[in-house]
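In this text, residue positions in the sequence shown follow the UniProt record's numbering: the first is 1, and each later residue adds one. Every residue, glycine too, gets a C-beta built ideally from N, C-alpha and C. Notes to accompany the following structure.
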Amino acid sequence: MSQTSGNQNMPPTYVSAVKSTPKPLFPQKNQAIVMHADENLKLFDYVKAIGDIIGPKHITFASRISNNRICIYLANPDIVDQLLGSHSSITIQNIVLNIRRLIAPTKRIIISNISPYIPHNVAENAIKSLGLQTASPISFLKAGIPGDEYSHIMSFRRQVYVFSPAENFELHTSLVISFDNQENRIFLSTDKMECFICKQLGHIASNCPKPPTSNLLPITTDTTPQTTTTSLPVRETRTEPSQPPQFPSLP
1 MSQTSGNQNM PPTYVSAVKS TPKPLFPQKN QAIVMHADEN LKLFDYVKAI GDIIGPKHIT
61 FASRISNNRI CIYLANPDIV DQLLGSHSSI TIQNIVLNIR RLIAPTKRII ISNISPYIPH
121 NVAENAIKSL GLQTASPISF LKAGIPGDEY SHIMSFRRQV YVFSPAENFE LHTSLVISFD
181 NQENRIFLST DKMECFICKQ LGHIASNCPK PPTSNLLPIT TDTTPQTTTT SLPVRETRTE
241 PSQPPQFPSL P
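What follows is the structure in structure tokens.
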């Protein structure tokens, strides 16, 4: 027997066995969906219903979790997007169940033209009145004045993160808030540079090539909130496909 043949018959060493063992792949939270855990349904019912849509091989983990929910991890975030784009809910044994992401997407909102004497809770209540749920406390933004001795100076702008209420929603770009017997118009925008006059991205109102128009509502003493809106896509718009979505094959 040759030396090469003898080596092939030798049992693998610990080092070689460790090297040949595949490393575990840990999923990310953006690969998970959740549904309400109905007492009349089993875990298998949920897994099979999702598997009938995307294919069983695209499901990697499933379990009941806290707050009476079922959590299912899919193979990758793209499959989550495709599933939610074609099915916002599923029906299992005549029970309609909404499908949601485990981690709700958030959006950064910039609040401009808000005087520093106005408390955060006044601005927060105004944002909540628009149907937005805050995901973080409101905080001041620095003015960006050069020089270490001036770096502490804040601007008349603040920021807050909100949960996106839908795949697409309209952000009210301006509204009037009342504080200390005075009305103040504040402006809301995303973290992208957006003009309050023409509603276009890429420049601010002071550099707008179009003259000011009557898009902004006048400040009145009416206590009813006054707002203007603009369409703000949070994610790409999806429509119900005429054919079932095609999911990629896993190796």
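Remark: C-beta atoms of A37 and I92 do not approach each other more closely than 8 Å. Going by DSSP, N125 is part of the alpha helix (DSSP H) stretching over H120 to K128. Classified as buried, H172 has 16 or more neighbouring CB atoms from the shown chains inside 10 Å of its CB. Between F179 and I118, the gap from beta carbon to beta carbon is short of 8 Å. If you draw a straight line from the Cα of F140 to the Cα of M154, it is about 7 Å long. In the DSSP secondary-structure assignment, S66 is not bridged to any residue. In this structure, L97 lies near I90, with their beta-carbon atoms less than 8 Å apart.
Nearest to I65 by C-alpha distance, out of I59, N76 and L102, is L102. For S136, the CB contacts under 7 Å within the same chain, skipping 5 residues up- and downstream, are V160 and Y161 in chain order.
In this structure I72 touches I59 by the C-beta definition: roughly 6 Å separates them, less than 8 Å. Rounded to whole angstroms, the gap between the alpha carbons of E170 and F156 is 24 Å.
Taking the C-beta atoms as reference points, I95 is found nearer than 8 Å to L41. The beta carbon of N113 sits closer than 7 Å to those of F156, R185, I186 and F187, all from its chain and outside the five residues before and after it, given in chain order.
In this structure, DSSP gives Q182 an extended state, which the three-state scheme calls strand.
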